[in-house]
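Residue numbers (my numbering), protein chains in the order written: chain H, 466 to 907; chain Z, 190 to 341.
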C-alpha cells in the first residue's frame, strides 16, 4: 500500500440534494479520518405534526421533500390509516401504486441524467452536455416533463400531490385522464429505450463491498413498493411495525443525521437494495434491460445503484401502463371519491392507535409512525428517511474505497468519493434529524 | 426604478417567462408578475415557468419569439428591488435545488429552436426564506415591471 499522505476536504458536495462534506485524512498510507459530515439543520417536521389531524398530515409531510413528495404523502397516509384501522379499497391501492411509480420514474430520471451523467460523460455539470450531448439533454428534458405532466393529471400537481389523502382520493381520474396518462407514458418508451442504449455505453467505476441490503419484500409476484414486510439480504424479515428494530438509529458527533445499522455495521436501502432482493419480480422488459447492461443480483458495487435506478425506470413505466389499462378495463368507481377537508362529515371512522407506514421511495424505505388519539389528532410522530439509513453505509464504503485508490491523484480520489456518494442519490436536507430539542413551558 | 433600456426591453419582448417559487417570499416575484398580468385582461405574451422551467419549453418554442425575457430573483449583491440584466455567462450552471433543470439549459434550448435572443432580467430579492408575499422593496419594482409590460 502507498505510504503517501492524502487530505480530502470537499465542503458542500455538489449535485446532491442538501449540504454535506467529505473529509478524508490519510497519513503515511494509514486512513485516520473518513467521514461524510451532514451539516444541514434539522427541520422539526415531527414537532410540527404534534396536535395536527391525520387528515392534514400528508400535506404537511409532503413538504419534507420536493423530490419524494408523493412518497411522504403515501407513507403518511399509510401510517394514519394503520393507526385508525382503515383499509383502503383496491382501486385506491392501484392508484397509490401508480403514484409511487410516477415519482420513482421522475426522481430516477433526474438523478441519472442531471446528477450522474456528467460524471460518466466527463464533464463538471449538466450544462456543458448541451454542447457535447445535445440529444441527451433534450431527451432528459422531455422525459422529466412527461413525468411532471402525468403526475399533474393523476394528483393535481407536478409536485406535492393534493388529491391523495387518508381514505383515498378527492378527485378520481376520468376516462379521458386515464387515456391522457396512457398517451404520455407510451410516448416515453422510445426515450426510455434510448436511455438504456446510453447506459450500455457508460463505464461505471469498479468497486465492491459486501453489505446488507434492505427493502420491502412480499410473498406474491409483485415488485413491492407500497406494501410488504421489510427484508434483508442477510435473511431478516420483519413486519414494518418493528421499524425501530430494523433501523437501530444512533447518533455520531460529526453528523446532524442519525446513522443506522441492522445485522452488520451498516446497511443500504434504495434501488440497488430493491433490485438485489426482488429482481425476479421485475417486469420482463426491465429484466431484459438488466441482462443487457450486465446487472445481476446480488450486486455489491454501490456505483451501480444508478444502473438499478434505470432498470426500475423501465419497470415503473411498464407497470404504470399496466395499472392504467387495468383501471380502464374495470372502470373507475367515482363513488369512492373522498370529500376534501378534515373528515368533518365523518366519512372515515376514527379511533385511537399507533400506525406505521413503510413505503419504497426513490432512495429506499421511508417510515412514518404516528400515535393518534380518538379524534385523529397526532400525539407523537416519527419519520425515518432513506438517506438517513444509507449514510452509515456510504461512510463504510468510503473507508474501504480510499485505501484501494491511494495510487490515484488527490483530484481522482476526490472525484471517486464524490461519485460514490452521488450514486446513492442522497437527500441530505431530508436526513438531518438528530437534535433532541426540549421545549420549555410547552 | 426601471431604466429606459429595461422598459424598452420589456415592451418589445415577444415572450416573457417568469420563474420562481411563490412559497419562498421574494423568490415568488416572477409568478407574482405573471398573476398580475393575467388578471389585468390586457393581452401580453407571458408564461409562468414557476419552479418547473422544463415544463414550458414546448409552449415557448411554439410561440416562435425573436426576443425573450426571463424574469427571476437573482442575488447580485444589490439593494433589494434593484434590477439588472444578467449576462448569460453569469447564470450558474447549477440550480438552487436538484429538483429542476438549470435555467441556462432551458434558455439555450429555446434559443436553438427559435433563434431568439434570450435576456435574463434579475431582481435582487430581500428575503427568499419560506413564506408568502413580497417584501415592500421587491413589491414596488414588481408593480413597476408589471405596469411596464401591460403598457405595451
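Backbone N, C-alpha and C define an ideal beta-carbon position, used for all residues, glycine too.
- Taking all protein chains shown into account, decide if residue 313/Z is buried (16 or more other Cβ within 10 angstroms of its Cβ) or exposed. buried
Review point. Buried or exposed: where does residue 584/H fall if 16 or more other Cβ atoms within 10 Å of its Cβ makes it buried?
Key: buried
Pull out every residue of the stretch 601 to 615 of chain H whose Cβ sits closer than 8 Å to any Cβ of chain Z, in chain order.
-> 602, 603, 605, 606, 609, 610, 613, 614
| request: For chain Z, find out if any of its Cβ atoms is closer than 8 Å to the Cβ of residue 595/H; answer yes or no. | output: yes
Looking at the unbroken alpha helix (DSSP H) that takes in residue 192/Z, where does it start and where does it end?
First-last for residue 192/Z: undefined, no H or E at that position.
Practice problem: Provide the residue(s) that pair with residue 810/H in DSSP beta bridges, ordered along the chain. | Solution: DSSP, once it has assigned bridges, lists no residue as partnering residue 810/H.
### Query
Could you give the uninterrupted runs of the alpha helix (DSSP H) lying entirely in the stretch 597 to 673 of chain H, keeping only those of 4 residues or more?
599 to 620, 640 to 666
Contacting positions in the stretch 236 to 265 of chain Z - beta carbon closer than 7 Å to chain H | 241, 243, 244, 246
- prompt: How would you label residue 200/Z, buried or exposed, when you count the other beta carbons within 10 angstroms and need 16 or more for buried?
  reply: exposed
Would you identify the three-state DSSP class for residue 676/H, choosing helix, strand or coil? coil
One question on the structure: do residue 837/H and residue 817/H come within less than 8 Å of each other, judged by their Cβ atoms? yes
- Quick one: list the residues of chain Z neighbouring residue 623/H, beta-carbon separation under 8 Å, in chain order. 241, 244
- 7 Å Cβ shell around residue 337/Z - same chain, five flanking residues per side excluded: 191, 196, 199, 200
With 8 Å set as the bound, which would you pick, yes or no: does the beta-carbon of residue 471/H sit closer than that to a beta-carbon of chain Z?
no
(message) Please tell me whether residue 272/Z and residue 311/Z are closer than 8 Å, where the distance is taken between their beta carbons.
(response) yes
### Outcome for residue 844/H when other beta-carbon atoms lying within 10 angstroms are tallied against a minimum of 16
exposed
Quiz prompt | Partner residues on chain Z for residue 592/H, Cβ-Cβ distance less than 7 Å | solution = 282, 291, 293, 294
Check: Nearest to residue 268/Z by alpha carbon, out of 293/Z, 325/Z, 209/Z, 202/Z?
Finding: 325/Z
(Q) Does residue 892/H come out as helix, strand or coil in the three-state DSSP assignment? (A) strand
For residue 322/Z, the nearest candidate out of 194/Z, 227/Z, 216/Z (CA to CA):
216/Z
- [ ] Check residue 313/Z in the structure and name its three-state DSSP category.
- [x] coil
* For residue 881/H, which residues from the same chain have a beta carbon less than 6 Å from its beta carbon, with the 5 sequence-adjacent residues on both sides left out? -> 870
- Using a beta-carbon distance below 8 Å, is residue 307/Z in contact with chain H? no
- Item | Beta-bridge pairing of residue 258/Z - partner residues as DSSP gives them | 205/Z, 308/Z
- Task: Could you pull the start and end residues of the beta strand (DSSP E) that residue 846/H belongs to?
- Result: 843 to 849
Residue 757/H burial status per 10 Å Cβ neighbour count (16 or more: buried) | exposed
Worksheet item: Can you find a CB in chain H that lies within less than 8 Å of the CB of residue 297/Z?
Response: yes
Practice prompt. Work out the CA separation of residue 204/Z and residue 242/Z for me, nearest whole Å.
Written response: 14 Å
Quick check on the burial criterion: 16 or more other C-beta atoms within 10 angstroms. Buried or exposed for residue 609/H? buried
Quick one: Cα of residue 825/H to Cα of residue 746/H, how far?
-> 15 Å
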